[in-house]
Amino acid sequence: MDGKVFNLSSLFSESLKLITHCPVCKVRYSSVDAKVVEERTDYNLVHVTCQNCHKAILAIVIAGNYGMNSVGVVTDLTSQDVLRFRDTQPIGGDDVLDMHTLLNQEIAVLKRL
Numbered sequence: 069m070d071g072k073v074f075n076l077s078s079l080f081s082e083s084l085k086l087i088t089h090c091p092v093c094k095v096r097y098s099s100v101d102a103k104v105v106e107e108r109t110d111y112n113l114v115h116v117t118c119q120n121c122h123k124a125i126l127a128i129v130i131a132g133n134y135g136m137n138s139v140g141v142v143t144d145l146t147s148q149d150v151l152r153f154r155d156t157q158p159i160g161g162d163d164v165l166d167m168h169t170l171l172n173q174e175i176a177v178l179k180r181l
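Residues in the sequence shown are numbered consecutively from 69, following the numbering used here.
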């Protein structure tokens, strides 16, 4: 990043300035609503739960040479879910086909009963 170093606590503080309102109910977040799921030198992964509507967003806040940017998505995951799923392998096409085959076999067994 061209030698630019960000203090993690200031990066988190700046992250909260970018993520100010719940996208669902529009209520303003407070800092206690946010939890840093992952910290890196140039970005934070932040999970925020709205205390009003209880919806959550997962946002990545990136510190770049020209300032900070964030991208977030509404999610039903808790911050613990994010930590648990973060390092798992993605589901592939073969996994989906295997599940389809298994379900068809189970349906065939149930029809025979």
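Just so you know, even glycine gets a beta-carbon here, dropped at the ideal spot from N, CA and C.
Note the first and the last residue of the continuous alpha helix (DSSP H) segment covering residue i.
i	result
Thr-169	161-180
Excluding the 5 residues preceding and the 5 following residue i in the sequence, name in chain order all residues of the same chain whose CB lies nearer than 7 Å to its CB.
i	result
Gln-119	Asp-101
Leu-151	Val-105
Just to confirm my understanding: we take residue i, look at its own chain, exclude 5 residues before and 5 after, and list those with CB closer than 6 Å. What are they?
i	result
Ile-125	Val-116, Gly-140, Val-142
Between the Cα of residue i and those of the options, spot the shortest distance and give me the residue it belongs to.
i	options	result
Ser-138	Thr-169, Leu-170, Val-129	Val-129
Cys-121	Val-95, Asn-133, Leu-145, Arg-154	Val-95
Arg-154	Asp-162, Leu-145, Gly-161	Leu-145
Buried or exposed: residue i, going by 16 or more other Cβ atoms within 10 Å of its Cβ?
i	result
Cys-90	buried
Leu-76	Note on Leu-76: pLDDT 43, under 50, position unreliable in the model; the coordinate value appears next. Label assigned to Leu-76: exposed.
Skipping 5 residues on each side, what residues in its chain have a beta carbon closer than 8 Å to that of residue i?
i	result
Ile-87	Tyr-97, Ala-102, Val-114, Val-116, Ile-125, Ala-127, Val-129, Ser-138, Gly-140
Val-92	Cys-118, Cys-121, Lys-123, Val-142
Any beta strand (DSSP E) of 3 or more consecutive residues that is wholly inside the region 93-160: 102-107, 111-117, 124-132, 135-143
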